[in-house]
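K.L.:
First, the structure itself, so that you have it in front of you.
Number of protein chains: 2
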Amino acid sequence: MPTPRTVVITESSPRDGLQSLGAIIPVTDKVALINDLAAAGTVSFDAVSFVNPAAVPQMADAADVVAQAKQPGTHLIGLVPNVRGLEAALEAEVDGIGVLTAASDSFNRHNINATLDQSMARIRSRLSSVPSEIGVRAYVSTATHCPYEGPTDPARVASLAAQLSEWGVEEVFLGETLGRATPPDIENVVIEVLKHVGPERLGVHLHDTFGQAIANLVVCLETGISRIDASAGGLGGCPYAPGAGGNVATEDVGWLLNGMGVERGLDLTRVAEVATAFCKKHHLAYRSKTGIALLSARDTEQ
Amino acid sequence: MPTPRTVVITESSPRDGLQSLGAIIPVTDKVALINDLAAAGTVSFDAVSFVNPAAVPQMADAADVVAQAKQPGTHLIGLVPNVRGLEAALEAEVDGIGVLTAASDSFNRHNINATLDQSMARIRSRLSSVPSEIGVRAYVSTATHCPYEGPTDPARVASLAAQLSEWGVEEVFLGETLGRATPPDIENVVIEVLKHVGPERLGVHLHDTFGQAIANLVVCLETGISRIDASAGGLGGCPYAPGAGGNVATEDVGWLLNGMGVERGLDLTRVAEVATAFCKKHHLAYRSKTGIALLSARDTEQ
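Protein chains in written order, with numbering that gives the first Met the number 0: chain A, 0 to 301; chain B, 0 to 301.
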């Protein structure tokens, strides 16, 4: 079972885990979440989105969160959907920039009122305004399935990834938005993309809506992919399946990596404690099986 | 990604899913669970255990459940921990017999007050009393980890499997009792066991306590293993991690098999409906991510 020696997990709970919540989480609690997870060993954060506050009120405090959470040894990424967001992110002095396009025309039309070509052109324009010392991560979402179009053509995803790579992004992340893919779907798209983007620059953002994310991740690791998004406690739901799970849980990913002998330096019990306390305080479902098992074992031993 | 063409899922909810519950489920509800899952396409059931009612009160009605649930086209397996249980199972006219040993000495001592050698000798004695027309499934539990001894030696599991196979059991099932194994653990033991037992006679009983069961199952399917235990709604907890999940959910397994193009003939939405209703009626946690997503999608469409 070939696997990369080291893997970087980007912690998605502060941004992707929270952005769909109705109740606004106070800045201090978002900053504490980042600080506590950093203390547990997290280095990279999908921290905030510089999006129109009217569209996503939860992210209206993005600049404040970055200002208060920024610290040596951590990398805070700000997602920017447009030029205005990019300007705000640079002003807030984020450590990295995230841009996103869907692989399907219909999803882009529904999500950002643009065709796929328009979405890519807008990304190219934004990239030209990013200072060279700031790394950019480009997400290609709906990488295996689109809620409007069904299965996504792996060749199209590969072509988008190649284009983004040519434009100089540091990382390309494939987003399995609906969480319905199984290992053959993931294998098909990853093999195509790897023809254009090396495994050391390729990442995956997996959702666990149908309980397949860890199995899908194994396929990715076997191809040498070494960058993973995950969310403590599985924070973040799936807008296309209300009540169902969203992001794959950091604790479950960490348990897999431990078992595969991959270095990543996270204290999983501490991550579970932090996420459990956060979920309890904000009345959110805690969704990591590894976390529940680790905390249960801890309580039994005490 | 090589996989078997067909897979038989044995539905474990009636026996393994219920046996640890404190509140006794009425016979009629157990029978309805079997009937409803049979109507959804389930053929094979881990139906009951003929165990000392004082030790496991939930299974005191085993003979009644078999009498009322027995029907053409389904295969009801009764687990028998001893000769007395075997006699009761044969009298109840089960379709198949299950026997079990742990792979570790300590687990057998704690569980059945016997050494591993004694446990195997007792199985051999029971096997000699089973009529030739009744198939026997032999479980080897703690196949990767023992709660008392830690990691299990794959060579020992292989040796036990070879012995059981020589004694004429129809199927050998590896039990990942603690649900803490990751794909490399599973791969190590399965490769050893396959030296002695063909993939068409080898099955796996996986727990999802740490959220790794579907990933572990992919490894098994890639080796050609075509027999799987799963429990509707993930029914059944883990006695070694209270509050944590136990059996891998039938719905999640079925979603994986669909994605891998494997035939198995289950109506997953119907399985989810049956298990959700059962869990609701008996105040149990419903734990299938695929099931939650499927029912959510169904409700959105209506």
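Ideal placement from N, C-alpha and C gives every residue a C-beta, glycine not left out.
With 7 Å as the threshold, decide whether the Cβ of A/VAL217 is near any Cβ in chain B.
P.N.:
yes
K.L.:
For my contact list, B/SER287 and B/ALA248 are in at a C-beta cut-off of 8 Å; report their separation, rounded to the angstrom.
P.N.:
The beta carbons of B/SER287 and B/ALA248 sit about 4 Å from each other, so the pair counts as a contact at 8 Å.
K.L.:
Run down chain A in chain order and give the residues with a C-beta less than 9 Å from the C-beta of B/LEU255.
P.N.:
THR181, PRO182, PHE209, GLY210, GLN211, ALA214
K.L.:
Buried or exposed: A/GLU175, going by 16 or more other Cβ atoms within 10 Å of its Cβ?
P.N.:
buried
K.L.:
Helix, strand or coil, according to DSSP, for B/GLY202 in the structure here?
P.N.:
strand
K.L.:
Closer than 7 Å by C-beta to B/ARG125: which residues in its own chain qualify, once you throw out the five before and the five after it? Chain order, please.
P.N.:
VAL79, VAL82, LEU85, VAL98
K.L.:
On the criterion of 16 or more Cβ atoms from any shown chain inside 10 Å, does A/GLU92 qualify as buried, or is it exposed?
P.N.:
exposed
K.L.:
Please tell me whether A/THR289 has its Cβ less than 7 Å away from any Cβ of chain B.
P.N.:
yes
K.L.:
If distances are taken between C-alpha atoms only, which option among A/THR181, A/THR208, A/SER230 comes closest to B/LEU216?
P.N.:
A/THR181
K.L.:
Do we get a CB-CB distance below 7 Å when we pair A/GLY16 with the residues of chain B?
P.N.:
It does not: the Cβ of A/GLY16 has no partner Cβ on chain B nearer than 7 Å.
K.L.:
Does any CB atom of chain A fall closer than 7 Å to the CB of B/ASP152?
P.N.:
no
K.L.:
From A/THR161 to A/ARG263, what distance separates their C-alpha atoms?
P.N.:
Position check: residue 161 of chain A holds Ala in this sequence, whereas Thr was assumed. A/ALA161 and A/ARG263 have their alpha carbons spaced roughly 28 Å apart.
K.L.:
Give the interface partners of A/ASP228 over in chain B, defined as CB-CB distance under 7 Å, in chain order.
P.N.:
Under the 7 Å cutoff, chain B gives no residues; its nearest Cβ is about 16 Å from A/ASP228.
K.L.:
Looking at the structure shown, is A/ASP228 part of a helix, part of a strand, or coil, going by DSSP?
P.N.:
The answer is strand: DSSP assigns A/ASP228 an E or B state.
K.L.:
Give the residues from the segment 184-196 of chain A that approach chain B closer than 7 Å (Cβ to any Cβ), ordered along the chain.
P.N.:
ASP184, GLU186
K.L.:
By a C-beta neighbour count over all protein chains shown, 10 Å radius and 16 as the cutoff for buried, is B/ASN112 buried or exposed?
P.N.:
The Cβ neighbour count for B/ASN112, taken over all protein chains shown within 10 Å, is under 16; the residue is labelled exposed.
K.L.:
Given that B/ARG39 touches chain A, what residues does it touch there, using C-beta distances under 8 Å?
P.N.:
Position check: residue 39 of chain B holds Ala in this sequence, whereas Arg was assumed. Per Cβ cutoff of 8 Å: no residues; B/ALA39 is ~18 Å from chain A at best.
K.L.:
With DSSP run on the structure shown, which of helix, strand or coil describes B/ASP298?
P.N.:
helix
K.L.:
For B/HIS144, which option in A/LEU283, A/GLY258, A/VAL168 has the closest C-alpha, if you only look at C-alpha atoms?
P.N.:
A/GLY258
K.L.:
Does DSSP classify A/GLY77 as helix, strand or coil?
P.N.:
strand
K.L.:
Please classify B/ALA231 as buried or exposed, where buried requires at least 16 neighbouring CB atoms within 10 angstroms.
P.N.:
buried
K.L.:
Give, in chain order, every residue of the segment 266-277 of chain A whose Cβ lies closer than 9 Å to some Cβ of chain B.
P.N.:
none
K.L.:
Shortest alpha-carbon distance to B/VAL270 belongs to which of B/LEU283, B/VAL252, B/HIS281?
P.N.:
B/VAL252
K.L.:
Along chain A, which residues have their Cβ under 9 Å away from the Cβ of B/ALA142?
P.N.:
Within chain A, no residue comes near B/ALA142; the closest Cβ sits about 15 Å away, beyond 9 Å.
K.L.:
Starting from A/ASP45 and walking both ways along the beta strand (DSSP E), at which residues does that stretch end?
P.N.:
43-48
K.L.:
Say whether the segment 151-168 of chain B touches the segment 178-194 of chain B, bearing in mind that this needs 3 or more beta-carbon pairs closer than 8 Å, one atom from each stretch.
P.N.:
As far as the Cβ criterion goes, the segment 151-168 of chain B touches the segment 178-194 of chain B, which means the pair count is three or higher.
K.L.:
Pairing CB atoms from the segment 11-28 of chain B with CB atoms from the segment 272-292 of chain A, are three or more of them under 8 Å?
P.N.:
no
K.L.:
Hey, out of B/ASP152, B/ALA31, B/THR41, B/ARG200, whose CA is closest to B/GLU165's CA?
P.N.:
B/ARG200
K.L.:
In its own chain, which residues sit with a C-beta less than 6 Å from the C-beta of A/ALA37, not counting the 5 before and 5 after it?
P.N.:
Contacts found: THR73.
K.L.:
How far does the beta strand (DSSP E) with B/VAL98 in it extend, from its first residue to its last?
P.N.:
95-101
K.L.:
Whose Cβ in chain A lies nearer than 7 Å to the Cβ of B/GLY232?
P.N.:
In chain order: nothing, as chain A lies at least about 12 Å away.
K.L.:
By the three-class DSSP mapping on this structure, what secondary structure does A/PRO1 have?
P.N.:
coil
K.L.:
Residues of the segment 40-65 of chain A with a CB closer than 9 Å to any CB of chain B: list them in chain order, please.
P.N.:
Going along the segment 40-65 of chain A in chain order, one finds no residue with a Cβ nearer than 9 Å to chain B.
K.L.:
Since B/ASP251 meets chain A, which of its residues come closer than 9 Å, beta carbon to beta carbon?
P.N.:
PHE209, GLY210, GLN211
K.L.:
Compute the Euclidean distance between the alpha carbons of B/ALA68 and A/ASP266, then round it to the nearest angstrom.
P.N.:
48 Å
K.L.:
Under 7 Å between C-beta atoms, does B/GLY258 make it to chain A?
P.N.:
yes
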